[in-house]
Amino acid sequence: MSIITISRGSSSMGKAVAEKVAAKLECDIFSRDLLFKTSGRFHVPQKTLEKAIHDAPGIFERYSHTKKVYLTYIRAILTEMVAGGNIVYYGLAGHLLLDKLPHVLKVRITANLDGRVKRKMTEGFSEKKARDMILADDDQRKKWSRKIYDADPNDCSLYDLTVCIDKLSVENAVDCICRCASRKAFESTSDCVRQSKDLSLAWNAKVLLVESFPDVGITCEYGNLLIYATEKEAHTTKFKKILDDIKKENYDIYNLEVHTGLPVPANAV
Amino acid sequence: MSVLILSSENKELENQIAQKTAERLGYTTLDQQFYNEIAKKYTLDSKKLMDAMIITPSFLKRMPSKQWYYYLSCVEVEVLARLLEDNCVCWGLAAHLYVVVISHVLKVRLIGGHSLMSPGQGNMNEDKIKKIIAEQERSRENWSMTAYNRKEADPGLYDMVINLDQVQPDEAVDTLSTTMGYPRLKAMTYSKNNLADRALAARVKNVLLKSLTDIQVDAQNGTVVVTTASVKREKSKKIDTIKKIAAQVEGIGYLEVHWNKDMLTEAAMSYR
Amino acid sequence: MSNLLEILLLDDEAIVGKRLKPALEKMNCNVEVFQDPQLAVGRINEKEFDIVVTDIYMDDMDGMQVLDIVHEKSPRTKVIMITGYAMISLARDAMEKGAFDFIAKPFKPDDLRVVIAKAAKALGSPIDLNPLTRE
């Protein structure tokens, strides 16, 4: 039972690798369905969500938390989708969106620029256009990663395994990934399943709070939800109402507590 | 004949994984113990040779630039010669920086795993460890950029990067051993000839760097191209010297020398 | 029963066959030379060769297709790829498909003889690189 995220630059054969890994491990696979489901649940256009997960924040966005809200929606749906395990996700930023689940195997597929340009050209673009498109896409992803997570997508420490598709073929990469997925660290134990479910609960709670209280932190362990907020936030009527909604909508919550005046833990959502 | 080259800031784990992989595959090993052999062959100070592989040229550290480049080239020549011989696991010799684009060579970077340190080092707190690692990485980047104009931590240099924070050393050994068995990594005449070309270029560069500076060498199928720079008035002399010295190297089919004007020195001298 | 190593040599440039055939026949090999890939494939379907040496870039059919056909017909046959347009990616693809070796042109006939000797050894029928000197 594996959860695998496959990150890649455009035209790096990442999709082909993901599909073959999913087939070999008999896992479900998804990418764009994430945005489709998020769009359906929260009534936000898919294009808007795609921008949130791909484009670096524009000047005005830096002064609003719209992107944060959309990313919260996306993460809530993503953690729900992977909670059952046995899944391959090859969409954008999987290694960052699922960073709080240690048993997720995070893979990056790399390829040299010339090879990527050649592959892009098979879609009907000229060499120059293909190169420009790829470089622009890489640039956007880099900026997004830096702005939202202060991370460089090319930083290998974000991944468990990075494979270059130029030296190793797609089949070799698939073989490597499947072997890695069977390692102890990536086994979906009952504890891991519990962690996934807790994380899903935390994100679902965050979804309800993020619009009005974007800076609250939430942790969840064994169904015990801890919300870290300021004194001022915690005493508002709106906050209390949202807490009631959280309890009503999430039956798996065993207990809900609010902590004020404490620093938000590093593992909080 | 296949070659595995490992690179890591975590020397302890790198050593462990390299040794176990070599044992599993039945390959020979090539590591920093090779420096003594190189120093002996070229009559170099072995401590200085090892220093050259860590520090950049420095007047204060008594490592002038010319000497430094020569020392590096001695290591390059001997490592490439050894890699031509047999199935081999190589680490600690910066081979990942100068063995490029050879299809039967797998280059792997090992990152993380610092929590798996031996008991003596485990007393340091996490922040201190992170600081030390960051400093080491900065230093290595500086060295590799000066020596080979490549960033050591650049993932583009490697065919695979394994994060030892999650993957155990034994599991990494499994992964490497399996990967080395892939048909794509099998040596072929074409790739062996490519490696032989690199070795030839390294040999030519080495004999030239003994007495000259500003030398780049490329080789293909026995044709060697030496690129150099100097002020205009020294052009003929330098080219002649290069041809004379390089002629001593075995295996050259045809030698060509390309000369570029050293603009900076030329400009500096024009004010005298 | 012949002890000769049966080799098929396919290259659309006539000069290649002219140069290599005599060099390989010196090693007690029986060499059939083809310039047309279709004819070569026809012959491969009729007879099992020990070694097939094939160019990659040809008009009607490329060497990779020939490799596939040979292996389908006779998995034991060693296929050696030769090309004047060698690229790392092509070389890797050839090895992944099961080629025994990949050689970039230009090469000397002696270079190919060494590879043929290796292929023969891998087939369990080692041959002498210089049998005439022993007579």
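Chains as they are written, first to last, in numbering that gives the first Met the number 0: chain S, 0 to 268; chain V, 0 to 271; chain P, 0 to 134.
Here a beta-carbon is modelled for each residue, glycine too, at the ideal position from N, C-alpha and C.
Quiz item: Is residue 0 (chain P) helix, strand or coil by DSSP?
Solution: Here residue 0 (chain P) scores only 43 on pLDDT, less than 50, and its place in the model should not be relied on; the value that follows carries that caveat. If DSSP states are grouped into helix, strand and coil, residue 0 (chain P) belongs with coil.
Quiz item: Do you know whose CA, among S:79, S:52 and S:166, lies nearest residue 66 (chain S)'s CA?
Solution: S:52
Quiz item: Any contact of the segment 5 to 22 of chain S with the segment 112 to 122 of chain S, i.e. 3+ C-beta pairs under 8 Å?
Solution: yes
Self-check item: Runs of beta strand (DSSP E) wholly within the segment 57 to 142 of chain V (minimum 3 residues, chain order)
Solution: 87 to 90 and 104 to 110
Practice problem: Count the other CB atoms, across all protein chains shown, that sit within 10 Å of the CB of residue 62 (chain S); report buried if there are 16 or more and exposed otherwise. | Solution: Annotation note: pLDDT 46 at residue 62 (chain S) (below 50); position unreliable, no value reported.
Quiz item: Whose Cβ in chain P lies nearer than 7 Å to the Cβ of residue 100 (chain V)?
Solution: 87
Quiz item: Which residues in the same chain as residue 97 (chain P) place their Cβ atom closer than 8 Å to its Cβ, once the five residues preceding and following it in sequence are excluded?
Solution: 66, 70 and 78
Quiz item: Between S:218, S:242 and S:245, which lies nearest to residue 267 (chain S) when the distance is taken from Cα to Cα?
Solution: S:218
Quiz item: Do you know how far the Cα of residue 129 (chain S) is from the Cα of residue 1 (chain V)?
Solution: 35 Å
Self-check item: Euclidean distance between Cα positions of residue 80 (chain P) and residue 19 (chain S)
Solution: 29 Å
Exercise. Evaluate residue 103 (chain S) with the Cβ neighbour count: other Cβ atoms within 10 Å of its Cβ, from every protein chain shown; 16 or more gives buried, anything less gives exposed.
Key: buried
Quiz item: Straight-line CA distance for residue 134 (chain S) to residue 173 (chain S)?
Solution: 26 Å
Quiz item: What is the DSSP secondary structure of residue 76 (chain S), counted as helix, strand or coil?
Solution: DSSP, reduced to helix, strand and coil, places residue 76 (chain S) within a helical segment of the structure shown.
Self-check item: Test: residue 4 (chain S) CB closer than 8 Å to a CB of chain V
Solution: no
Quiz item: Under 8 Å between C-beta atoms, does residue 126 (chain V) make it to chain S?
Solution: Judged by the 8 Å Cβ criterion, residue 126 (chain V) is not in contact with chain S.
Quiz item: In whole angstroms, what is the alpha-carbon distance linking residue 29 (chain S) and residue 78 (chain V)?
Solution: 46 Å
Self-check item: Reduced DSSP secondary structure (H/G/I, E/B, other) of residue 148 (chain S)
Solution: helix
Quiz item: Got a sec? Which residues, its chain only, sit under 8 Å from residue 255 (chain V) by beta carbon, not counting five neighbours each side?
Solution: 222, 223, 224 and 225
Quiz item: Does any C-beta atom of chain P lie closer than 8 Å to the C-beta of residue 10 (chain S)?
Solution: no
Quiz prompt | Helix, strand or coil at residue 94 (chain S) according to DSSP, with G and I counted as helix | solution = helix
Quiz item: What are the partner residues of residue 5 (chain V), as DSSP defines its beta bridges?
Solution: V:90 and V:107
Practice problem: Kindly indicate which residue of P:92, P:30 and P:85 has the alpha-carbon position closest to the one of residue 3 (chain P). | Solution: P:30
Quiz item: Going by other Cβ atoms of all chains shown within 10 Å of its Cβ, with 16 needed for buried, is residue 58 (chain V) buried or exposed?
Solution: exposed
Exercise. Please name the residue in V:138, V:127, V:112 and V:245 whose C-alpha comes closest to that of residue 215 (chain V).
Key: Nearest of V:138, V:127, V:112 and V:245 to residue 215 (chain V), Cα basis: V:245.
Quiz prompt | Endpoints, the alpha helix (DSSP H) within which residue 178 (chain V) is located | solution = 168 to 179
Quiz item: Mind checking if residue 10 (chain V) is an interface residue toward chain S, Cβ cutoff 8 Å exclusive?
Solution: no
Quiz item: What are the start and end residues of each continuous alpha helix (DSSP H) run of 4 or more residues lying completely inside the segment 183 to 217 of chain S, in chain order?
Solution: 189 to 208
Quiz item: Between the segment 1 to 18 of chain V and the segment 103 to 114 of chain V, do three or more beta carbon pairs fall short of 8 Å?
Solution: yes
Self-check item: Outcome for residue 32 (chain V) when other beta-carbon atoms lying within 10 angstroms are tallied against a minimum of 16
Solution: exposed
Self-check item: Spatial neighbours of residue 105 (chain V) in its chain, beta-carbon cut-off 6 Å, leaving aside the 5 residues before and after
Solution: 3, 158 and 184
Quiz item: So with Cβ pairs under 8 Å, would you call residue 162 (chain V) a contact of chain S?
Solution: yes
Quiz prompt | Helix, strand or coil at residue 274 (chain V) [DSSP, three-state] | solution = No information on residue 274 (chain V) is available, as it lies outside the stretch 0 to 271 that chain V covers here.
Quiz prompt | Terminal residues of the alpha helix (DSSP H) in which residue 260 (chain V) lies | solution = Segment 253 to 260 is the beta strand (DSSP E) holding residue 260 (chain V); no alpha helix (DSSP H) there.
Quiz prompt | Terminal residues of the alpha helix (DSSP H) in which residue 40 (chain P) lies | solution = 36 to 45
Quiz item: Where does residue 101 (chain P) fall in DSSP's three states?
Solution: strand
Exercise. List the DSSP bridge partners of residue 216 (chain V).
Key: Beta-bridge pairing links residue 216 (chain V) to V:225.
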